[in-house]
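Respectively, the protein sequence lines represent chains A and B. The opening position of the first sequence corresponds to residue 470 in the working numbering, with each subsequent residue numbered one higher. The opening position of the second sequence corresponds to residue 37 in the working numbering, with each subsequent residue numbered one higher. Ideal Cβ placement from N, Cα and C applies to all residues, glycine included. Please read all numbers here as calculations on a predicted model, not as lab measurements.
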Amino acid sequence: NAGVTQTPKFRILKIGQSMTLQCTQDMNHNYMYWYRQDPGMGLKLIYYSVGAGITDKGEVPNGYNVSRSTTEDFPLRLELAAPSQTSVYFCASREQVNNQPQHFGDGTRLSIL
Amino acid sequence: GNSVTQMEGPVTLSEEAFLTINCTYTATGYPSLFWYVQYPGEGLQLLLKATKADDKGSNKGFEATYRKETTSFHLEKGSVQVSDSAVYFCALSDWGFTGGGNKLTFGTGTQLKVEL
């Protein structure tokens with residue numbers, strides 16, 4: 470019962486470094502999402518994808534990039550890390566059928582110093 | 037645009053007390069409503085959902101009724117346990133939204149602490 474798997478769980482970056490947050494799901498879900506969670510702010514959508522090869526911006530896409538080459542994987546890339554990107558990042562997926570819930574990974578806690 | 041407003045926390049209760057966490061929403065279409073729960077160090081898990089007006093979602097003793105007239109989806113539980121301590125998020129998904137992806141709009145979360 471893997472569900473949505475995110476790696477790494479924790480990471481510390483220096484300003485200006487780059488990294489990729491990995492997300493994979495084994496439920497054959499077409500829809501996938503990246504959120505960031507800041508204290509007291511709920512979750513904000515960064516990017517989403519409705520299928521392999523199709524991605525679109527969410528509310529807060531600046532400073533991030535995504536790709537979706539397979540149904541299973543939806544990596545999130547930070548090119549030039551900034552302190553404002555310190556957050557907890559969650560990946561989620563869901564079936565294409567209406568009214569189905571999103572399934573979340575356990576998150577990646579990222580600190581940029 | 038869509039928005040969700042939740043009561044601020046933390047909410048601190050004694051075990052076996054009655055719980056209400058208020059949630060109201062604004063949506064342009066015909067939303068489905070969800071409650072998610074987040075335990076420390078974990079991702080969000082679906083607690084319950086309701087897809088149309090007057091539907092009642094329920095799970096693990098928690099209930100919430102979709103009230104279109106008051107645009108509310110308040111979470112209730114008759115007798116909380118220490119193990120219910122977590123952060124609770126109200127969310128909506130507007131199936132009438134044509135932006136694609138049926139995105140969720142979240143409230144800011146309400147932390148619940150249950151003490152013995």
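C-beta neighbour in chain A for residue i, strict 8 Å
i                    : result
glycine 79(B)        : yes
glycine 132(B)       : Note that glycine 132(B) scores 48 on pLDDT, short of 50, meaning its location in the model is unreliable and no value can be drawn from it.
phenylalanine 109(B) : no
phenylalanine 98(B)  : no
lysine 85(B)         : yes
lysine 104(B)        : no
leucine 82(B)        : yes
leucine 148(B)       : no
leucine 140(B)       : yes
Cβ neighbour criterion (16 or more within 10 Å) applied to residue i
i                    : result
lysine 139(B)        : buried
glycine 576(A)       : buried
alanine 89(B)        : exposed
valine 73(B)         : buried
glycine 135(B)       : Unreliable placement is indicated for glycine 135(B), whose pLDDT of 49 sits below 50; no coordinate value is reported for it.
tryptophan 71(B)     : buried
glutamine 565(A)     : exposed
serine 50(B)         : exposed
leucine 128(B)       : buried
isoleucine 57(B)     : buried
valine 118(B)        : exposed
phenylalanine 573(A) : buried
lysine 92(B)         : exposed
methionine 501(A)    : buried
leucine 84(B)        : buried
Short CB-CB distance (under 8 Å) between residue i and chain B
i                    : result
aspartate 542(A)     : no
leucine 512(A)       : yes
phenylalanine 573(A) : yes
asparagine 497(A)    : no
proline 570(A)       : yes
phenylalanine 479(A) : no
tyrosine 517(A)      : yes
glycine 522(A)       : no
glycine 576(A)       : yes
glycine 527(A)       : yes
glycine 509(A)       : yes
Which of helix, strand or coil DSSP assigns to residue i
i                   : result
valine 116(B)       : coil
serine 556(A)       : strand
proline 67(B)       : strand
alanine 550(A)      : coil
threonine 539(A)    : coil
asparagine 534(A)   : strand
threonine 134(B)    : Reliability fails at threonine 134(B), whose pLDDT of 46 lies under 50, so the model's placement of it is uncertain and the value that follows must be treated cautiously. Of the three classes helix, strand and coil, the one that applies to threonine 134(B) here is coil, per DSSP.
lysine 139(B)       : coil
methionine 488(A)   : strand
lysine 149(B)       : strand
glutamine 42(B)     : strand
phenylalanine 54(B) : coil
threonine 47(B)     : This sequence places valine at residue 47(B); threonine is not what is there. The answer is strand: DSSP assigns valine 47(B) an E or B state.
threonine 144(B)    : coil
Integer-rounded CB distance, given that residue j should sit under 8 Å from residue i
i                    : j                : result
leucine 545(A)       : valine 557(A)    : Not really, about 13 Å apart at Cβ, beyond 8 Å.
aspartate 130(B)     : asparagine 38(B) : 6 Å
phenylalanine 559(A) : glycine 114(B)   : Actually they do not touch by this definition, with Cβ atoms about 30 Å apart.
Any C-beta of chain E under 8 Å from that of residue i
i              : result
glycine 145(B) : The structure shown has no chain E; the protein chains it does contain are A and B.
Report the residue ranges of all beta strand (DSSP E) runs contained in full by the stretch 74-132 of chain B; include only those spanning at least 3 residues, in chain order. 80-86, 92-95, 98-101, 111-113, 122-130, all fully within the stretch 74-132 of chain B.
Any chance you could list the alpha helix (DSSP H) runs of at least 4 consecutive residues sitting entirely within the stretch 502-532 of chain A, in chain order? None, since the stretch 502-532 of chain A contains no complete alpha helix (DSSP H) of that length.
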